[in-house]
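J.:
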Amino acid sequence: KIVEVKKDEQPTPAPVPTLVPTEAPKQISAGELKIQELLKKNKEALKKQKEDEKDAAFKKKYYKKDDIYAQIRSENEENLKQLKNENQATLKAWSDEVKKTRTQWEKMRKEFLSNVKTYKKNTFNLEEHAEKLQSGAQDFQVTPLTKNYVEKLRSNDYRLIKNAMDIPIRNQGKRPTCAAFSGIRAIEVVLKSNDIESDLSEQYFYWSSRPGCQQAPCSSKGSWAAKGYDQSMQAKMPDIPLEKFCPYKEVSINNNETQIPLGQTCQEGFVKINRYQRLNSLPETIAALDAGKPVIAGFSLTPNFYLSNGFITYKDSKNKGQMDSHAEGHAILFIGYIPLPAKYHTEEGQVCFITANSWGEGWGRGGYSCLSETWVLKQRVKNAFLAIESVIN
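Residue 774 is where the sequence shown starts when you use our numbering, and the numbers rise one by one after that.
1) Does the distance from the CB of L1159 to the CB of A998 come in under 9 Å?
2) Closer than 6 Å by C-beta to K774: which residues in its own chain qualify, once you throw out the five before and the five after it? Chain order, please.
3) Which two residues bound the contiguous beta strand (DSSP E) that contains L1052?
4) Three or more beta-carbon pairs under 8 Å between the region 1073-1082 and the region 1034-1043, yes or no?
5) Give, in chain order, every unbroken run of the beta strand (DSSP E) that is at least 3 residues long and sits entirely within the region 1080-1144.
6) Measure the alpha-carbon distance for R875 versus K1022 and round it to whole angstroms.
7) How is A989 classed by DSSP in three states: helix, strand or coil?
8) DSSP on V1068, reduced to helix/strand/coil?
9) What residue range is occupied by the uninterrupted beta strand (DSSP E) comprising F1158?
10) For the putative contact between P949 and K994, defined by C-beta atoms under 8 Å, what is the C-beta separation to the nearest angstrom?
11) Counting C-beta neighbours from all protein chains within 10 Å, is the total for Q976 16 or more, i.e. buried, or is it exposed?
12) Could you check which residue in L899, L886, E824 and L811 has the C-alpha nearest to that of S996?
13) Enumerate in chain order the residues of its own chain whose CB-to-CB distance from F897 is below 8 Å, with the five nearest sequence positions on each side excluded.
14) Assign P1171 to one of three DSSP states: helix, strand, or coil.
15) With H, G and I counted as helix, E and B as strand and the rest as coil, what does DSSP make of L973?
16) Classify A959: buried if its beta carbon has 16 or more other beta carbons within 10 angstroms, exposed otherwise.
17) One question on the structure: do Q1004 and S982 come within less than 9 Å of each other, judged by their Cβ atoms?
18) Please state whether the Cβ-Cβ distance between F1126 and G1109 is less than 9 Å.
19) Do G1137 and K883 have their C-beta atoms closer together than 9 Å?
20) In angstroms, rounded to a whole number, what distance separates the CA positions of T954 and R943?
21) Tell me L933's beta-bridge partners as DSSP assigns them.
22) Helix, strand or coil for F1018? Go by DSSP, reduced to three states.
23) Output yes or no for whether 9 Å exceeds the beta carbon distance between R932 and I1111.
24) Residue range of the alpha helix (DSSP H) that Q945 falls in?
25) In the structure shown, what three-state DSSP assignment does I940 receive?
26) Answer with buried or exposed for Q945, where buried requires no fewer than 16 other C-beta atoms within 10 angstroms of its C-beta.
27) CA-CA distance, A1104 and T863?
28) State the CB to CB distance for the pair S1131 and F1084, rounded to an integer number of angstroms; the pair is presumed to be in contact (CB under 8 Å).
29) DSSP state of F913, grouped into three classes?
30) Cutting at 7 Å between CB atoms, please list the residues of its own chain near V1149, excluding the five before and the five after it.
31) Just verifying my parser: in three-state terms, what is the DSSP assignment at V1024?
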């Protein structure tokens, strides 16, 4: 549908807005602007102050000090200072102990040297006490070790049976009882390596190692540990008593080597031998020590054995003259070994054997020394070496 505009009708005109004049923005002076900036800064400063106060209140509530890191540093410095003081105290204690030990050794050394003639006098023919070789049995093989036995060790390594040096060095005094002391010490080492403390009776063991002198007195001197071990193995109960029940007497009794009759308390057994073995070569000896078994060995002595400062070589034994005419056989105990530096291999062999003696702390270094492989092979007696495998306590 078309709608036309009527001629007499006119459109309503649009309203015209009325213009109202506005005021121009007020001009801010430089002074007023500066005041506004100061007010703004003050407002920001007040806001920061409130934040700092809030943070300080939080720290005060949860920390003992404002700066926890400073506290940690302070504690660390104090701990380091304490450790330093403790370390210095420990080093001083060690130094004092070394000086004390050396002073003691020097004192014991003088005492030992004054009694050397007595120790020489109480050596004896160990071979007289050796057991006869059974048919087909072999004597100790005088064969040097090859590098295969010790090449696994560096020159600064060594083998030492656990706790073997924690047992005090004993002194056999004026009696030919070295084999009894070696045999007893071997048992004590086995017990100690199993954390069992003991101080066993050499007095009893010398008696038990002399079957022919147990019921009637005899005058022949010396013994060998194998006979005492055999008697102990045959016992149904522990037969070897503690020292306190059968104390050792350092002075011999003429024509009564075993000092019979023994006291009644000497029958208070503490331990017995369960099993031991005879060693017929140095490889077997090394293997026994590697397995933690102390080894009893017997030797003819040389002059440098008496004057040892810790290392006994075959070369020195020749340089200082022949074996003393009064010195015969002596038993000692191997408790480990040390590989020798290459410069010693030609003359002294691959190793030296760490040895515990029974002449007090004045011999060697505190009662210990190291016997070179060559010296051991040249000076050993025919008795097989002995190693304890197990004991019954």
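Just so it is clear, CB atoms sit at the ideal spot from N, CA and C, and this is done for glycine as well.
Every value quoted in this text rests on a predicted model; they were computed, and no experiment measured them.
T.: In terms of the structure at hand:
1) yes
2) Legend: pLDDT at K774 = 40, less than 50; position of this residue unreliable, no value from coordinates given.
3) G1042 to L1052
4) no
5) 1102-1112 and 1124-1129
6) 28 Å
7) coil
8) strand
9) F1158 to I1165
10) 4 Å
11) buried
12) L899
13) P949, K994, G995, E1101 and G1102
14) With the chain represented from 774 up to 1166, any question about residue 1171 goes unanswered, as that position is not in the structure.
15) strand
16) buried
17) yes
18) yes
19) no
20) Note that residue 954 corresponds to Phe in the displayed sequence, not to Thr. Rounded to whole angstroms, F954 to R943 spans 8 Å at the Cα level.
21) G1109
22) helix
23) yes
24) No alpha helix (DSSP H) contains Q945, which DSSP labels as neither H nor E.
25) coil
26) buried
27) 39 Å
28) Actually they do not touch by this definition, with Cβ atoms about 19 Å apart.
29) coil
30) F1126
31) strand
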